[in-house]
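In numbering that gives the first Met the number 0, the protein residues as written are 0 to 97. Glycine included, each C-beta is placed from N, C-alpha and C at the ideal position. Keep in mind the model is a prediction, meaning the values are calculated, not measured. A quick write-up on the structure given underneath.
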Amino acid sequence: MQTTSTQSKKFTSSITRFAFAAPTTRQVSLAGDFNNWDTKAAPMHKGPDGIWRLSVPLGPGRYEYRFYADGVWQDDPSAEQRAANGLGTENCVRTVAA
Numbered sequence: 000m001q002t003t004s005t006q007s008k009k010f011t012s013s014i015t016r017f018a019f020a021a022p023t024t025r026q027v028s029l030a031g032d033f034n035n036w037d038t039k040a041a042p043m044h045k046g047p048d049g050i051w052r053l054s055v056p057l058g059p060g061r062y063e064y065r066f067y068a069d070g071v072w073q074d075d076p077s078a079e080q081r082a083a084n085g086l087g088t089e090n091c092v093r094t095v096a097a
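Have a look at this one:
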């Protein structure tokens with residue numbers, strides 16, 4: 000994960016980079032509490048190395064998320080933490096510093 004800070008007088012947001020290695024997958028999106036778990040709101044882009052990437056501006060805080068790859072929820076193997084989601088599985092957790 001890389002985070003780049005952007006500041007203004009009203010707020011601070013960080014460009015947070017997500018990556019998911021899935022070379023044979025046809026479609027991957029990022030869904031989490033920051034986009035109301037909308038599996039179509041944040042499509043990721045596949046690089047020639049087979050890694051899907053997306054940069055998202057996020058304010059300071061704790062965010063739960065998962066990848067949605069070819070219609071199946073997937074975990075981020077590099078997630079900082081995990082949190083039970085009430086559905087019998089866990090969400091990945093990313094914390095953005097202030």
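Of all C-beta pairs linking the segment 22 to 38 to the segment 78 to 87, fewer than three are shorter than 8 Å, placing the two stretches out of contact. Bounds of any beta strand (DSSP E) do not take in E79, whose DSSP letter is neither H nor E. A straight-line Cα-Cα distance of about 25 Å links F66 and A97.
No residue range can be given for P47, since it is assigned to no beta strand (DSSP E) and is classified by DSSP as neither H nor E.
A direct Cα-to-Cα measurement between N84 and A30 gives close to 13 Å.
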